[in-house]
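Chains as they are written, first to last, in our numbering: chain A, 73 to 521; chain B, 16 to 322.
A virtual CB, placed ideally from N, CA and C, is assigned to each residue, including glycine.
Values in this document were obtained by computation on a predicted structure and should not be read as measured data.
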């Protein structure tokens, strides 16, 4: 009897241990499609849960999505860590096609061409975004959030100083000079609290001063980052920082935060702020009634800082892509959910209207409802129509090249590195990643767009 | 018969309990040893293997020999980070330990209020790092921090000083903040150790006319040597592992001026996605700790320290 109870005890312990291990393997029940996501606010999370996850679960006969909410700051590293252990959710988050390329190369996500054909994703998505999400001609991820970098400004301040939105280098320099003379910070910039923030400005500057065509050549290996166009661009950027046009120069760059710069834009101490369109959603916090002032914000596409670049370039950025985990037992259902996310333009644009969240790069831009803020709607209709599309570094540069781009740029700001030396280092890192197949194939730019 | 049985059984009767004791000891140690092997030995060994590869953290790992180690010692960023770790170690071996020794010695002589001061000094240590770092980021802000506040009162000596944004001040400022949290912890440990020193020694010293400094030097310090040496050893090891305050306050910037090995490692592994190279850095960090511990053990043996 005693022996028997010992055996029972051992059996119970084994079952318990097995249960624990199974719990580690998956946090959903066997039929669930797991999905890890992160949100900027609880309101956005609630909206997404109701209009996407719950809505999908209601209309789907068998597949049920179970969303687990992670921290925005570490969703990417959590996913990487889970994947390196051969785990992760069924619907895989990645911060754009460059991240997805790593998963694809490691064969951790499925090729989606069959699903793309079944659901007609090539027709639903804008061509540049579909192309950027392919690896050697095979689709591995579906972009579900996209945006760009634009120039924010305060129309009241511009009117007060008699400025018009700059579109050329001469106009940009004139506004910057006059703003500085008026005691303002001409262009907001800074990276306190988030070192990689520098790449927002760098991406903008490269697109404004080098242009999409030359960037495309560099990203495909036809040109070098050490070519004169790049050296001239970084030299010009360094000169403008030295003049304290950007972020107040090196004395202030490492202290300014995104919040400081939007606050400055609202109170008239910052003339222009070049940053991502992800701020459309919360720019309102700094302007108008919510902020206790009568200021307003607006945006304009980036000016050209070179005769070789057409004004109004939109550096395209894919903030979130979704893929199907190759270890998933619910692959079809995971793909079904991904299709649900991009299938209905009205749902995507309602999400934009309600939360300010970037929509998927949908081909259908005509059905943008009136409920979407006019400024947001303008971006998502004007950018695709203009065709003047460029490249955001965090979407199109491979990981190590991108990290070098922003981390070593600090030394350009402090003057510890020359533009030539900086770009030589950049090219060296990029060469290694290009040879290792870690660079996504960028979409082709429209010449002279 | 009885005596024969006793004689026959004498040997095993002595040996068996010893075996049994060893077996029991091993059985008690075994679970912890297995856990350690799994959670430290396994990942440690895999890191060592990955340090000789070009692994990106996900895909195939290709053997690259000692390339990662060669790159490690040729990288200006890594060498700068090692230098910053050395400066950090020097700072933490001198400043907090001196402050804590002095504070503990003075507190040990207090008859009233010792608990109050001990608690006050210890409070920063129990605060979450993210909380204290965030508070200090505000305090050190050139716009809304201590410099601006003093300027408003007419003292403009610190006005506009950019503690965390100036490359020449960033590392020192982070070390200052970390020390603010750390020295109170050392003080409490030293105070506890000092309370274990035989009071008769102090009385004898006073009868011999020793002043406070001589008491401290000749009685207190030798009396707390085990604690002191342990904390010196741990300070060196922790100084090379430092990450949290640096990451929260400056992320290693500006321009790498406050980068330490752990922040470079983190950036290499998670931003650059070069897990193989980052593993080589981890091996370097482990080696430094191993050398420190080995050096300590050798010294202890040679100098016959009782700790």
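| query | result |
| --- | --- |
| 8 Å Cβ cutoff, residue 267 (chain A) in contact with chain B | yes |
| Contact set for residue 63 (chain B): own chain, Cβ-Cβ below 7 Å, skip 5 residues either direction | 298 |
| Closer than 8 Å to chain A by CB, residue 223 (chain B) | no |
| Pairwise C-alpha distance: residue 277 (chain A) and residue 289 (chain B) | 27 Å |
| Per-residue DSSP class, three states only, for residue 288 (chain B) | coil |
| Same chain, Cβ closer than 7 Å to residue 220 (chain A), five either side skipped, listed in chain order | 349, 386, 387, 388, 389, 451, 455 |
| As assigned by DSSP and simplified to three states, the class of residue 210 (chain B) | coil |
| Per-residue contacts from residue 483 (chain A) into chain B (C-beta, under 7 Å) | 270 |
| CB contact check: residue 315 (chain B) to chain A, cutoff 8 Å | no |
| Short Cβ contact (8 Å threshold) for residue 224 (chain A) with residue 345 (chain A) | yes |
| Chain A within 8 Å of residue 58 (chain B), Cβ atoms only | no |
| Whole-number beta carbon distance between residue 234 (chain B) and residue 216 (chain B), since they are thought to touch under 8 Å | 5 Å |
| Buried versus exposed, by CB contacts within 10 Å (16 or more), residue 209 (chain B) | buried |
| Classification of residue 302 (chain B) by the beta-carbon crowding that lies within 10 angstroms, buried from 16 upward | exposed |
| Contact set between residue 177 (chain B) and chain A, taken where Cβ atoms lie within less than 9 Å | 323, 324, 326, 327 |
| Burial state of residue 282 (chain A) (16 or more Cβ within 10 Å) | buried |
| Buried versus exposed, by CB contacts within 10 Å (16 or more), residue 316 (chain B) | exposed |
| Classification of residue 213 (chain B) by the beta-carbon crowding that lies within 10 angstroms, buried from 16 upward | exposed |
| Residue 255 (chain B), buried or exposed, once every other Cβ within 10 Å from all chains shown has been counted against 16 | buried |
| Inter-stretch contact at 8 Å, needing at least 3 Cβ pairs: the segment 98-114 of chain B / the segment 187-196 of chain B | yes |
| Short CB-CB distance (under 8 Å) between residue 59 (chain A) and chain B | This structure leaves residue 59 (chain A) out entirely; chain A is present only between 73 and 521. |
| Nearest to residue 107 (chain B) (by Cα), restricted to the options B:239, B:292, B:251 | B:251 |
| The segment 32-48 of chain B in contact with the segment 506-518 of chain A per 3-pair CB rule at 8 Å | no |
| For residue 397 (chain A), the residue or residues it bridges with in DSSP | A:181 |
| Outcome for residue 120 (chain B) when other beta-carbon atoms lying within 10 angstroms are tallied against a minimum of 16 | buried |
| Positions along the segment 150-180 of chain A whose CB lies within less than 7 Å of some CB in chain B | 152, 155, 156, 174, 175, 177, 178, 180 |
| Check whether residue 486 (chain A) and residue 269 (chain B) have beta carbons under 8 Å apart | yes |
| Residues near residue 173 (chain B) in its chain [Cβ-Cβ closer than 8 Å; skip 5 each side] | 161, 162, 165, 166 |
| 9 Å Cβ cut-off: residues of chain B touching residue 261 (chain A) | Correct list: empty, because the minimum Cβ distance to chain B is about 13 Å. |
| Between the CA atoms of residue 143 (chain B) and residue 150 (chain B) - distance to the nearest angstrom | 11 Å |
| Residue 459 (chain A) versus residue 200 (chain A): straight-line alpha-carbon distance, rounded | 10 Å |
| Strand pairing of residue 466 (chain A), partner residues [DSSP] | Looking at the DSSP assignment, residue 466 (chain A) forms no beta bridge with any residue, so it has no partner. |
| C-beta atoms of residue 80 (chain B) and residue 67 (chain B) nearer than 8 Å | yes |
| Exposure label - residue 109 (chain A); buried when at least 16 CB within 10 Å | buried |
| Contacts that residue 453 (chain A) makes with chain B (C-beta to C-beta distance below 9 Å) | Chain B residues near residue 453 (chain A): none, gap ~34 Å exceeds 9 Å. |
| Rounded distance between the beta-carbons of residue 124 (chain A) and residue 396 (chain A), thought under 8 Å | Actually they are not in contact, since the Cβ atoms of residue 396 (chain A) and residue 124 (chain A) sit about 17 Å apart, beyond 8 Å. |
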